[in-house]
Amino acid sequence: MKSVVAENLVKTYRKGAVRALDNLSLDVEEGTVLGVLGPNGAGKTTTVRVLSTLLEPDSGHATVGGIDVIKNPKAVRQIIGLSGQYAAVDETLSGWDNLVMFGQLYHLSASQAKARATELLAQFTLAEAAHRPIKTFSGGMRRRLDLAASLIIRPKVLFLDEPTTGLDPRGRMEMWGVIEGLAREGVTLLLTTQYLEEADQLADDIVVIDQGKVIARGTSDQLKDQVGGERIEIVVAQENLVKAQEVIERVTHGRATVDPGIRRISVPVLDGTQSLIAVIREFDSAGIHALDLALKRPSLDDVFLSLTGHVAEAEIPVDEGKKKGARK
Amino acid sequence: MNGIKDALVITKRQLLQLTRVPEVLIFNTIQPVMFVLLFRYVFGGLGAGIKGGYVQLLMPGIFVQTVTFTLAATAQGLAQDMEKGLIDRFRSLPIARSALVVGRTLGDALLNIVVLVVMGVAGYIVGWRPTSGPLHIFYGFLMLLFFGYALSWAGVFAGLMSKDARVVANVSFLFTFPLTFLSNAFASTTSMPKALQYFAEWNPVSTMVAAARQLFGFHNTFGVTAHSFPSEHPIVASFIYMVLIMAVFIPLSVNRYKNANRR
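Listed in order, the protein sequences are those of chains A and B. Numbering that gives the first Met the number 0 puts the first residue of the first sequence at 0, with every later residue one more than the last. Numbering that gives the first Met the number 0 puts the first residue of the second sequence at 0, with every later residue one more than the last.
Dropping the structure here:
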């Protein structure tokens, strides 16, 4: 069963001059994680805002849990959780205060709301900081609290809009752990991200969007195959070029491309490190000396280049402190 | 019923904020008390010939000025929620669309009660003596509270229109500050240029000040020239203004909130 369905969503701004969503369609199978991958301005946030009832599309149709988001937004709000790019919690209050308040707004009784707050703070390893004002929290802690706030009613469908943007590597790893936990519990999840690695790690299925349109869809493996997956790149001395290419093609069973100008041989591989080790061994016995060697993983840029023919827009680093204004 | 309950949760949040950042409440009460003292002793001489002295006319003026500034407070509070993205969270909750803004205006009204009481005590200390009896004094304060509440809705709209809390606070202040001075709140309007006199006479702040003076037992409305409706019937005129302000800004605000988009 599909938990989320979006059909031909269109949303324009400035009287049609900007098409934030341009006939966008996607769906999420119940109990799975869909990663929506795209650069800044691709329409990720707009998609989430439409599906979470914050924004009405100009046209198109969407359901969440089988409920129409345009016709019956209030019923949709009963079954969804939303955690945005910004930690949307009251910073002057403590984490506990926030969760109790949101619990009451979900119409839990005072005692239920308190019990749920305690439970969630423990689950997200925030119990110790429960009574500190959010102002004193790290970026990662804020995001976890924001996520906790979106889980108060145990939503059927959870929307996470760039849950790790702006976090340091440690915060990102922690957040990944939390999201993987939710996925294991069977929550249907739609998460947006700018990072292929993140979609790869967390999502069962990925849609790639650009300029308000879905330009590719598949599992992360399928997408990588489309892009060409991992590549080994080796630079050798001029006299070894032909011999090296021969060795590489024999070991990897791939078709190598040679850039004679910089004496670089590049070959797609399936099992990156294994192939790399095999190639080095063969080089050793053949007496070829590699001047430089690298295992390249396809990046978001590669995906974009391969799918759209243009690179992803330059990303504006989102700083937790001065995040406003960074978006359109 | 749930709508009211939701709004009260929001109001409670605001009170909780006050306990976490008590400076807000302290500053909110110190500022009007400072105005009371400054005006009482700097402009005290203006009241020559007024029974009971300038302070009798001044206090209603400062009360009205203070509740007028509620507009800026409400606007700033909501703009902060917009800026931080909190509005999105509230809008994604299964609560009434009106809950957040109603809760906010109620919270600001509660804050006004505290401020008005503190100011009343300060006024009494520096010689303010309302003569109309407890019931009318009570009505006077009640009306001031309503006036602040009505303006609070204009603040809601301003706050929801904005993306930057500091800007909206400054703009609201730039708007309300002249409004409170181009009135009969602190000085006689008769000495103003003709055009300003008309403005001052029809200014809702003036009618509210005149209404408060009347309810506190002082009929001198500080130089209202013509025999216009607002100067003859300040209480009725003030209520008309309040109803008008709310009739305009409540639908505008609720609609704006429904479509609030931080972009």
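Beta carbons: idealized from backbone N, C-alpha and C, even for Gly.
- Query: From Leu-143/B to Thr-18/B, what distance separates their C-alpha atoms?
  - Reply: Position 144 of the second sequence, counting from 1, holds the residue named residue 143/B. Position 19 of the second sequence, counting from 1, holds the residue named residue 18/B. Their Cα atoms are separated by approximately 25 angstroms.
- Do Ile-52/A and Val-32/A have their C-beta atoms within less than 8 angstroms of each other? As a first step, residue 52/A is located in the first sequence; it is residue number 53 there, counting from the start. As a first step, residue 32/A is located in the first sequence; it is residue number 33 there, counting from the start. Reading off the sequence shown, one finds Thr at residue 52/A, where the question assumed Ile. No, they are not a contact pair.
- Item | Residues that Glu-229/A bridges to, as DSSP identifies them | Taking the first sequence and counting its residues from 1, the one referred to as residue 229/A is at position 230. Bridge partners of Glu-229/A according to DSSP: Val-268/A.
- 4 or more residues per run - each alpha helix (DSSP H) lying fully within the region 123-210 of chain A: 138-148, 168-184, 195-201
- Round the Cβ separation of Ala-74/B and Val-167/B to the nearest angstrom and send it over; I've been treating them as touching at under 8 angstroms. Position 75 of the second sequence holds residue 74/B. Position 168 of the second sequence holds residue 167/B. That belief holds up - the Cβ atoms of Ala-74/B and Val-167/B are roughly 5 angstroms apart, short of 8 angstroms.
- For His-60/A, which residues does DSSP report across the bridge? To locate residue 60/A, count along the first sequence from 1; it is residue 61. Beta-bridge partners of His-60/A (DSSP): Glu-6/A.
- Item | Identified DSSP bridge partners for Gly-106/B | Locating residue 106/B in the second sequence gives position 107, counting from the first residue. For Gly-106/B, which the question treats as bridged, DSSP gives no partner whatsoever.
- Closer than 8 angstroms at the beta carbon, the chain A residues around Leu-92/B: As a first step, residue 92/B is located in the second sequence; it is residue number 93 there, counting from the start. Per Cβ cutoff of 8 angstroms: Arg-76, Phe-101, Leu-104, Tyr-105.
- Message: Could you give the first and the last residue of the continuous beta strand (DSSP E) run that contains Val-32/B?
- Response: Counting from 1 along the second sequence, the entry for residue 32/B is found at position 33. Where Val-32/B is concerned, there is no enclosing beta strand (DSSP E), although the alpha helix (DSSP H) it sits in stretches over 21-41.
- Quick one: any contact between the region 106-118 of chain B and the region 13-33 of chain B, if contact means 3 or more CB pairs under 8 angstroms? Pairwise C-beta distances place the region 106-118 of chain B in contact with the region 13-33 of chain B, as three or more of them are shorter than 8 angstroms.
- C-beta contact flag for Leu-173/B and Val-204/B at 8 angstroms: Counting from one through the second sequence, the residue named residue 173/B turns up at place 174. Counting from one through the second sequence, the residue named residue 204/B turns up at place 205. Going by C-beta atoms, Leu-173/B is not nearer than 8 angstroms to Val-204/B.
- Message: Check for me: the alpha helix (DSSP H) holding Ser-24/A runs from which residue to which?
- Response: As a first step, residue 24/A is located in the first sequence; it is residue number 25 there, counting from the start. Per DSSP, Ser-24/A belongs to no alpha helix (DSSP H); it is in the beta strand (DSSP E), 17-28.
- Query: At which residue ranges does the region 73-132 of chain A contain complete beta strand (DSSP E) runs of 3 or more residues, listed in the order of the chain?
  - Reply: 79-82
- Message: Using only the alpha-carbon positions, how far apart do Pro-316/A and Trp-201/B sit?
- Response: Counting from one through the first sequence, the residue named residue 316/A turns up at place 317. Counting from one through the second sequence, the residue named residue 201/B turns up at place 202. Low confidence applies here, because Pro-316/A scores a pLDDT of 40, under 50, leaving its location unreliable; read the following figure in that light. C-alpha separation (whole angstroms): 52 angstroms.
- Task: In the DSSP assignment, find the beta strand (DSSP E) that holds Asp-258/A and state where it starts and stops.
- Result: For the purposes of this step, residue 258/A is taken as residue 259 along the first sequence, with counting starting at 1. Per DSSP, Asp-258/A belongs to the beta strand (DSSP E) from 256-258.
- Message: Just list the residues that DSSP pairs Asp-67/A with in beta bridges.
- Response: Looking up residue 67/A in the first sequence gives position 68. Per DSSP, Thr-62/A.
- Query: Which residues bound the alpha helix (DSSP H) around Val-47/A?
  - Reply: Numbered from 1 along the first sequence, position 48 holds the residue referred to as residue 47/A. Taken as a continuous stretch (DSSP letters only), the alpha helix (DSSP H) holding Val-47/A covers 43-50.
- If you drop the 5 nearest sequence neighbours on each side, which residues of the same chain put their C-beta closer than 8 angstroms to that of Thr-46/A? Locating residue 46/A in the first sequence gives position 47, where the first residue counts as 1. Once the five neighbours on either side are set aside, the close Cβ partners of Thr-46/A are Ala-5, Leu-8, Leu-20, Leu-23, Leu-25, Val-35, Thr-191, Ile-208.
- Query: Between the region 5-35 of chain B and chain A, which residues of the former have a C-beta closer than 7 angstroms to a C-beta of the latter?
  - Reply: Asp-5, Val-8, Arg-12, Leu-15, Gln-16, Arg-19, Val-20
- Query: Roughly how many angstroms separate the alpha carbons of Val-273/B and Val-101/B, rounded to a whole number?
  - Reply: Nothing about residue 273/B can be read from this structure; chain B reaches only from 0 to 262.
- Run through DSSP, which three-state label would Ala-215/A get? On the first sequence, position 216 is the one that residue 215/A refers to. In this structure, Ala-215/A counts as strand in the three-state DSSP scheme.
- With a 10 Å radius around its C-beta and 16 neighbouring C-beta atoms as the bar for buried, classify Gly-320/A as buried or exposed. Taking the first sequence and counting its residues from 1, the one referred to as residue 320/A is at position 321. Residue placement at Gly-320/A is poorly supported in this model, since its pLDDT is 36, which falls under 50; the coordinates are not used for a value here.
- Query: Three-state secondary structure (DSSP) at Arg-326/A?
  - Reply: For the purposes of this step, residue 326/A is taken as the residue at position 327 of the first sequence. No answer about Arg-326/A holds up, because its pLDDT of 38 lies below 50 and its placement is not dependable.
- Can you tell me which of the three DSSP states Ala-259/B falls into? Taking the second sequence and counting its residues from 1, one reaches residue 259/B at position 260. In this structure, Ala-259/B counts as coil in the three-state DSSP scheme.
- Task: For Val-35/A, write down the residues that DSSP places opposite it in a beta bridge.
- Result: Taking the first residue of the first sequence as position 1, residue 35/A is located at position 36. Val-35/A pairs with Thr-191/A, Val-206/A.
- Message: Taking CB distances under 8 angstroms as the criterion, tell me whether Thr-91/A reaches chain B.
- Response: Taking the first sequence and counting its residues from 1, the one referred to as residue 91/A is at position 92. Chain B, which has a Cβ nearer than 8 angstroms to the Cβ of Thr-91/A, makes this yes.
- Message: Less than 8 angstroms between CB atoms is the rule here; does Val-208/B satisfy it with respect to chain A?
- Response: Taking the first residue of the second sequence as position 1, residue 208/B is located at position 209. No, because no Cβ of chain A sits closer than 8 angstroms to the Cβ of Val-208/B.
- Item | DSSP-derived helix/strand/coil call for Ala-162/B | For the purposes of this step, residue 162/B is identified with residue 163 of the second sequence, where counting begins at 1. It is Lys, not Ala, that sits at residue 162/B in the sequence shown. Lys-162/B sits in coil when the DSSP states are folded into three classes, being neither helix nor strand.
- Message: On the CB-based measure, 16 or more other CB atoms within 10 Å of its CB, does Lys-43/A come out buried or exposed?
- Response: Position 44 of the first sequence holds residue 43/A. Buried: at least 16 other Cβ atoms inside 10 Å.
- Can you grab the Cα-Cα spacing for the pair Leu-269/A / Glu-229/A, in whole Å? Your numbering for residue 269/A matches position 270 in the first sequence. Your numbering for residue 229/A matches position 230 in the first sequence. Spanning the two alpha carbons is a distance of roughly 7 angstroms.
- Item | Start-to-end residues for the beta strand (DSSP E) that takes in Leu-294/A | As a position in the first sequence, residue 294/A is number 295, starting the count at 1. Start and end: 289-295.
- Could you list which residues in chain B have their beta carbon closer than 9 angstroms to that of Ala-148/A, in chain order? In the first sequence, counting from the first residue as 1, residue 148/A sits at position 149. Ordered by position in chain B, the residues that pass the 9 angstroms Cβ test against Ala-148/A are Arg-88.
- Task: Mind listing the chain B neighbours of Ala-87/A? Cutoff is C-beta to C-beta under 7 angstroms, in chain order.
- Result: Locating residue 87/A in the first sequence gives position 88, counting from the first residue. The contacting residues are Lys-83, Gly-84, Leu-85, Asp-87, Arg-88.
- Query: Name the DSSP beta bridge partners of Thr-11/A, please?
  - Reply: For the purposes of this step, residue 11/A is taken as the residue at position 12 of the first sequence. As DSSP reads the structure, Thr-11/A sits in a beta bridge with Arg-18/A.
- Would you list the residues sitting across from Val-234/A in a DSSP beta bridge? Taking the first sequence and counting its residues from 1, the one referred to as residue 234/A is at position 235. In the DSSP output, where bridge partners are listed per residue, Val-234/A has Arg-263/A, Asp-291/A.
- Asn-1/B CB to nearest chain A CB: under 8 angstroms? As a position in the second sequence, residue 1/B is number 2, starting the count at 1. Asn-1/B counts as touching chain A.
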